[in-house]
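Each residue of the sequence shown is one higher than the last, beginning at 347 in the working numbering.
These notes concern the structure reproduced below.
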Amino acid sequence: MRAAPLYLDAPPRVEHVHIGKDRRIVCISDIHGNLDYLKGLLAKCALTDRDVLMLVGDILEKGPDSLGTLRYVMELAKERELYAVCGNCDFWQNFCDYPEDPGQNAFYLQYLVGRNRGWGDGLIAQMLHEQRIAIGWDMDLAAAKAAVRENYEPELDFLRRLPHIIETEDYTFVHGGLVPEKGAFACMKLDAYRATAKPHEKWTVVGHWPLVLYHEDVVDARPIVDEDLKLISIDGGCVLKDDGQLNAFFLPDMTWLSYDGFPIARVKTAQSESRRHYYIRYGDNAVEILDEADGFCRVRHIRTEYVMENVPADHILTREGNRATVNDITDYRLPLRAGDEISVVRVTPRGIMCKKDGVSGWYDGEIEG
Ligand SMILES: [Mn+2]
347 MRAAPLYLDA PPRVEHVHIG KDRRIVCISD IHGNLDYLKG LLAKCALTDR DVLMLVGDIL
407 EKGPDSLGTL RYVMELAKER ELYAVCGNCD FWQNFCDYPE DPGQNAFYLQ YLVGRNRGWG
467 DGLIAQMLHE QRIAIGWDMD LAAAKAAVRE NYEPELDFLR RLPHIIETED YTFVHGGLVP
527 EKGAFACMKL DAYRATAKPH EKWTVVGHWP LVLYHEDVVD ARPIVDEDLK LISIDGGCVL
587 KDDGQLNAFF LPDMTWLSYD GFPIARVKTA QSESRRHYYI RYGDNAVEIL DEADGFCRVR
647 HIRTEYVMEN VPADHILTRE GNRATVNDIT DYRLPLRAGD EISVVRVTPR GIMCKKDGVS
707 GWYDGEIEG
């Protein structure tokens, strides 16, 4: 029998789960179809049979392989104890479960043809490709739905059964925020929850909002453990940010590690932290281009008037004369000691864009290894 379809204004489904006190809970959120990062992170976690995997939503979309990631997670769930809550990018069973609705169909058509606003093919598109069903404005959406329904029932059913909230004796897990009174969708898609959350009775783990957006001056993707709110935020910006990472947060120890796929190198010489720096990020990224030479720009951030040097020209997203928007960029110089390990994001003629322990910045010296 089919689980009931999810409608967006419905109350959240809550699943109560018993997890013994002596188990390690490995929390991972916002994989976003990045199967390589998920595999890389799980390898670093050195899982044992006693560990419980807790996926905190947004398994799918935006990254390269939503269908492969979903199948991988479904296999993992057969092999070991795995729970997952539904994120705002995960409820694609609705493609098949909704009654025919012109507005909804227009949304799906735009999503399929527009490749999810440029992020790339998502779960349903990948299913249709696999079935050799062409995607285009003139496609037969009813036939596409029938093909998905017919060929992907296990996948759809897995998504259908995802609760929006998981409660254990000690913890709560929800993708966006714990607002059951506002309905399922609000629980999945509550932006910047930490800014509005009230203190929780139990430690609550959320994803959804890339951690870097909680910081003003630095690009910091480390999980935030907020003791006052009893709130743990873990979205490392995997896929959404070019230098994003996938975090694994461990309960009850409150430790974590991350995976980002970048090559590791050692710095040869120490450098001191920049005294003044800024992070221009998506949503607040309007700049004036002051100078441009050798593939780099000097820009002035419109809102703050902060002047940033050495912005790679290919970070410019849109441009009209001297006004532009830029892809996330910082001029932070990381404090580093000789021999420190860094993840090398990009080597440029004006320094190395890199990461150290979840924080992004620049290194001016030479690397080895
Ligand atoms: Mn999300």
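Note that the Cβ used here is the ideal one computed from N, Cα and C, for glycine as well.
Bear in mind the structure is a predicted one, so any value in this text is a computation, not a measurement.
Pull up the DSSP beta-bridge partners for residue 371, would you.
Residue 371 pairs with 398, 597.
Beta carbon of residue 434: closer than 7 Å to some heavy atom of ligand 1?
Checking the Cβ of residue 434 against ligand 1 gives yes.
What whole-angstrom Cβ distance do residue 698 and residue 713 have, given they're in contact under 8 Å?
Between residue 713 and residue 698 the Cβ distance is about 7 Å, and since that is below 8 Å, they are a contact.
To the nearest angstrom, how far is it from the Cα of residue 543 to the Cα of residue 579?
Going by the C-alpha atoms only, they are around 12 Å apart.
Counting only the same chain and skipping the five closest in sequence on each side, list residues whose C-beta sits under 7 Å from that of residue 472.
Only 412, 413 meet the Cβ criterion.
For the segment 479 to 493 against the segment 451 to 470, are there 3 or more C-beta pairs whose distance is under 8 Å?
With a cut-off of 8 Å, the segment 451 to 470 and the segment 479 to 493 count as touching, because enough Cβ pairs lie within range.
Could you tell me whether any non-hydrogen atom of ligand 1 is closer than 7 Å to the CB of residue 789?
Nothing can be reported for residue 789: it is not among the residues displayed for the chain, which extend from 347 to 715.
Helix, strand or coil, according to DSSP, for residue 702 in the structure here?
If DSSP states are grouped into helix, strand and coil, residue 702 belongs with the strands.
Any heavy atom of ligand 1 inside 7 Å of the beta-carbon of residue 614?
Incorrect: residue 614 has no Cβ contact closer than 7 Å to ligand 1.
Can you name, in chain order, every residue of its own chain whose Cβ lies under 7 Å from the Cβ of residue 655, other than the five neighbours on each side?
The answer, listed in chain order, is 644, 677.
If you draw a straight line from the alpha carbon of residue 430 to that of residue 508, how long is it in whole angstroms?
Taking the straight line from one Cα to the other gives about 6 Å.
Which word fits residue 600, buried or exposed, when buried means at least 16 other C-beta atoms lie within 10 angstroms of its C-beta?
It is exposed - the Cβ of residue 600 has fewer than 16 other Cβ atoms within 10 Å.
Among 610, 602, 504, which residue has its Cα nearest to the Cα of residue 567?
The residue with the shortest Cα to Cα distance from residue 567 is 602.
Considering only C-alpha positions, which residue in the set 622, 548, 517, 532 is nearest to residue 523?
The option with the nearest alpha carbon to residue 523 is 532.
Nearest to residue 588 by CA position, among 687, 627, 560, is which residue?
Residue 588 has its Cα closest to that of 627, out of 687, 627, 560.
I want to know whether the segment 383 to 390 touches the segment 557 to 574 - three or more CB-CB distances under 8 Å.
Judged by Cβ distances under 8 Å, the segment 383 to 390 makes no contact with the segment 557 to 574, as fewer than three pairs qualify.
Identify the continuous alpha helix (DSSP H) that holds residue 488 and give its terminal residues.
Element bounds for residue 488: 487 to 497.
For a minimum of 3 consecutive residues, which ranges assigned as the beta strand (DSSP E) are wholly contained in the segment 577 to 644?
The qualifying runs are 577 to 579, 592 to 597, 601 to 605, 610 to 613, 632 to 639.
Quick test of the definition: if touching needs 3 or more C-beta pairs under 8 Å, does the segment 602 to 618 touch the segment 538 to 556?
At 8 Å Cβ cutoff, the stretches do not touch.
Quick one: residues in its chain with C-beta nearer than 7 Å to the C-beta of residue 704, no 5 flanking neighbours on either side, listed in chain order?
Once the five neighbours on either side are set aside, the close Cβ partners of residue 704 are 566, 567, 568, 591, 604.
Verify the contact flag: residue 367, CB atom, against every heavy atom of ligand 1, threshold strictly below 7 Å.
Every heavy atom of ligand 1 is 7 Å or more from the Cβ of residue 367, so no.
Regarding residue 482 and ligand 1, is the C-beta to nearest heavy atom distance less than 7 Å?
Residue 482: no, Cβ never under 7 Å from ligand 1.
By the DSSP assignment, the alpha helix (DSSP H) with residue 448 in it spans what residues?
Residues 448 to 459.
Are the Cβ atoms of residue 671 and residue 631 separated by less than 8 Å?
It is a contact, given that the beta carbons lie within the stated cut-off.
Below 8 Å CB to CB, which residues in the same chain sit around residue 434 once its five sequence neighbours on both sides are set aside?
So the list reads 403, 404, 521, 522, 531, 534, 535, 554, once near-sequence residues are dropped.
Where does the unbroken beta strand (DSSP E) through residue 430 begin, and where does it stop?
Here the beta strand (DSSP E) through residue 430 covers 428 to 430.
Tell me the DSSP secondary structure of residue 321 in three-state form.
Missing from the structure shown is residue 321; the chain here goes from 347 to 715 and no further.
Apart from the five residues on each side of it in sequence, which residues of its chain come closer than 6 Å, Cβ to Cβ, to residue 686?
Closer than 6 Å at Cβ, skipping near neighbours: 613.
Given a cut-off of 8 Å, decide if residue 596 and residue 396 are closer than it, judged by their beta-carbon atoms.
No, the Cβ-Cβ distance between residue 396 and residue 596 is not below 8 Å.
Nearest-angstrom Cα distance between residue 598 and residue 368?
Roughly 9 Å separates the two Cα atoms.
Would you list the one or two residues that DSSP bridges to residue 534?
According to DSSP, residue 534 bridges with nothing at all.
Tell me whether the beta-carbon of residue 357 lies closer than 8 Å to the beta-carbon of residue 545.
Not closer than 8 Å, so no.
Let me check understanding here. Comparing Cα to Cα, which of 624, 667, 418, 491 lies closest to residue 447?
Looking at the Cα atoms, 491 is the closest of the given residues.
DSSP three-state label for residue 470, please.
Three-state result, residue 470: helix.
Do you know offhand how far residue 661's Cα is from residue 635's?
Distance between the alpha carbons of residue 661 and residue 635: 12 Å.
Taking the alpha-carbon positions, what's the residue 708 to residue 624 distance?
For residue 708 and residue 624, the distance between alpha carbons rounds to 12 Å.
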